[in-house]
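**Student:** Before I ask anything, here is the structure I am working with.
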Amino acid sequence: LIAAPVLMFSFEYFIMACFAPRMYVLHKIGDLIK
């Protein structure tokens, strides 16, 4: 019962860890282009 939410949380955290830096870089590049 406890494993499922923890697994979902770690998966969500993993996704955020993967995508957040890319989004940050894209945002910075967007600022430079403006």
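So in full-length UniProt numbering, spot 15 of the sequence shown is number 15, and the numbers just go up one at a time.
For each residue, glycine too, the CB sits at the ideal point set by N, CA and C.
1) Straight-line CA distance for Leu-26 to Pro-5?
2) Which of helix, strand or coil does DSSP assign to Ile-2?
3) Give the straight-line distance between the Cα atoms of Gly-30 and Ile-15, rounded to the nearest whole angstrom.
**Tutor:** This is what the structure gives:
1) 31 Å
2) coil
3) 22 Å
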